[in-house]
Structure formats: structure tokens, C-alpha cells
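Residue numbers (full-length UniProt numbering): 1 to 330.
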């Protein structure tokens, strides 16, 4: 059993990574149904929250069916982050996660996200003060370091644990790498193997098939796996990994009927939650993977990703089901 504070999780839990414009309530609901053990919100700006910015406040919406769910926040100003804790607590999440890993320039330039890897003392101070501010478990998601020459993740993880962090998820790249090259899991294993570490250590980065998840578990000895990009348009990834763990075999391919039904539900939930315009726009990134492999699919994909009217998108789903009913996914 793995525990985040008092939250009990199964052995080697699978976590849905926080992803901007991806891990919203509709997608989190689909992933939860398919076996995600913990889901995280999109990252929320502390400065946006304390200024009551509509987009930031909306990201605090969570639902009972998602639990356990973590709200992830980012920022570099201590006072703002502490105010954010007070706001976030009103949404009653199970976990508060601090983003010390986002590599995007507009975040890093403010000293937040991966930008804070340049100042480990501030990283430690922010974590310590946020732990003191709440009774909820505080966790951290971060990267190996700012660049290859500044990797001190074993020391960093230990310091965060010592000030009260209840779990740490580590992406196996530096900020300088962004998403280029291969994720290096060896330093994450070094964190796990540090005899002073007793909190869960989750790996993140390049888990794009069940075999890679098994490698993270069996070869690197990590406590769990946080999965991001591999789930986009594929909420079944969690079920696929768990089936592979249990049987050593790949799950049968997801049928076209099930894919269309998931896409329909996803779009409808998105519209119900954020309205027609945003609901249509922000689900577009999923359709390529929902229907990956279907030949001569361009016409339908273009209709799905260019139409601003949900009726046209729903019609495209119906057309795909009618015209490719005999297609067998590999």
C-alpha cells in the first residue's frame, strides 16, 4: 500500500498528471473511470486566484467521483501562495500539490514552476510555510534540476520531505531539456533509494506504454507512476497498464464504438462545464488519438478540429461510426 498522508492507495498507483487545458473535470472523470488512482487539476496560478481571475477560479471545480483529487498551484510569492491555500481549501480537495516543474517561459520568467529550481532554499521555504498553513497533505511535482549541471534532486527531495511534503513526483528531465530527449529515471531511483526517504516517490516522463510503466515499477523501484501526454485522447491508458500488470498481456484494442462513445461524452461534459465555445475548442486536441489508426480519416478529423458548432462535431462522430464500423484497431 502507498499512502499520501492518510490517503491509502493501491500498490504502484497510477496518477493523472496535471496538464494545462487537458486535465479538466470532464477528462479527469473519464480517466478515473478507466483506472486512474489519483487525478490532478490543471495547474492554477496563485496570482490569478487571489485576483479572482475567472479562468483560475474555474479550475477549482472538483467532483466527488474524482476523489482522491489534488489541486495543483504555482507561484513564487510566499504571501500569494499562502492566500491561495486558504482559497483552495474551500473547494475541499484531498491533496494540494505545488508545481515546481513547469518549464514554460511565461511561468519560469516569474520565478515560478521550474524557475524555482534555481533557488532551492525558496523552494524549501514555500513548501514549509504551505504545509503549516493547511491540514491537507501537501505534495510536490518537480524536475531533476534547472540544467544538467545543477541536478541535486536527491538533496532537494530530502529537504522537501523534512519540511512536511507528503509525496513527490519527479519528471525525469531538467528545465533546460523542456520535453526534448529522453527522460532519465535513474536520478528518480536515487531519490527513492535514499535511506532517509520515507514518502512516496512517483516517476514521470516517457511512460507511453504498459511496458514502460512496468519498467518504472520493477527496474527502478518507484512507488507509482504519474502519466501525462500518453493519456491525451486515450483515457484507457490506465486500464491498459493495470491489465498488463495483472496478466502480462496487452488489453484488447478499444473498439470504435467505445471510442466514439467516449468522445461524445467528453465533448458533452466539456460543453456542460465550460460552455459551447470553450467546450468545443478545448476537446479538439484529443480527437487525433481517440481515432488514431483509422485510414482516410483526414476529412472527419478536420471537421472535428475546425468546426465551432458542436452539432457538426457530434455529426462527425456519427459519420465515423457509420463509415468505419468494420475497422479493427491494432
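From the three backbone atoms N, C-alpha and C, an ideal C-beta is built for every residue, glycine too. Given the structure is predicted, the values throughout are model-derived calculations rather than measurements.
Quick one: what's got a C-beta closer than 7 Å to residue i's C-beta in the same chain, skipping five residues either side?
i: residue 207; result: 213, 216, 225, 227 and 230
i: residue 352; result: Outside the displayed range of the chain (1 to 330) lies residue 352, so it cannot be described from this structure.
i: residue 233; result: 286, 287, 288, 289 and 290
i: residue 205; result: 171, 172, 173 and 183
Quick check on the burial criterion: 16 or more other C-beta atoms within 10 angstroms. Buried or exposed for residue i?
i: residue 252; result: exposed
i: residue 257; result: exposed
i: residue 299; result: exposed
i: residue 19; result: buried
i: residue 261; result: exposed
i: residue 340; result: Because the chain spans 1 through 330 in this model, residue 340 falls outside it and cannot be assessed.
i: residue 51; result: exposed
i: residue 125; result: exposed
i: residue 255; result: exposed
i: residue 161; result: buried
i: residue 56; result: buried
i: residue 196; result: exposed
For the candidate residues the options, whose alpha-carbon lies nearest to that of residue i?
i: residue 156; options: 275, 133, 315 and 188; result: 188
i: residue 43; options: 265, 59 and 68; result: 59
i: residue 173; options: 126, 285, 138 and 117; result: 117
i: residue 171; options: 144, 69, 196 and 280; result: 144
i: residue 53; options: 15, 104, 64 and 84; result: 84
i: residue 37; options: 202, 277 and 196; result: 202
i: residue 175; options: 12, 186 and 142; result: 142
i: residue 345; options: 40, 322 and 73; result: With the chain represented from 1 up to 330, any question about residue 345 goes unanswered, as that position is not in the structure.
i: residue 263; options: 301, 247 and 248; result: 301
Determine the extent of the beta strand (DSSP E) in which residue i is found, giving its start and end residues.
i: residue 69; result: 69-74
i: residue 3; result: 2-4
i: residue 141; result: 138-143
i: residue 38; result: 38-40
Grab the span of the alpha helix (DSSP H) containing residue i for me, first residue to last.
i: residue 171; result: Careful: residue 171 lies outside any alpha helix (DSSP H), inside the beta strand (DSSP E) at 168-171.
i: residue 265; result: 256-274
i: residue 79; result: 78-89
i: residue 27; result: 25-33
Would you call the CB atoms of residue i and residue j closer than 9 Å?
i: residue 103; j: residue 70; result: no
i: residue 265; j: residue 30; result: yes
i: residue 166; j: residue 5; result: yes
Among the residues of its own chain, which have a CB less than 8 Å from the CB of residue i, if the five just before and after it don't count?
i: residue 250; result: 210, 240, 243 and 244
i: residue 181; result: 173
i: residue 190; result: 153 and 154
Got a sec? Which residues, its chain only, sit under 6 Å from residue i by beta carbon, not counting five neighbours each side?
i: residue 270; result: 26, 279 and 283
i: residue 259; result: 290
Nearer than 8 Å: is that true of the beta carbon of residue i relative to any heavy atom of the ligand GTP?
i: residue 157; result: Of the ligands one can find in the structure shown there are none, so the ligand GTP has no counterpart to examine.
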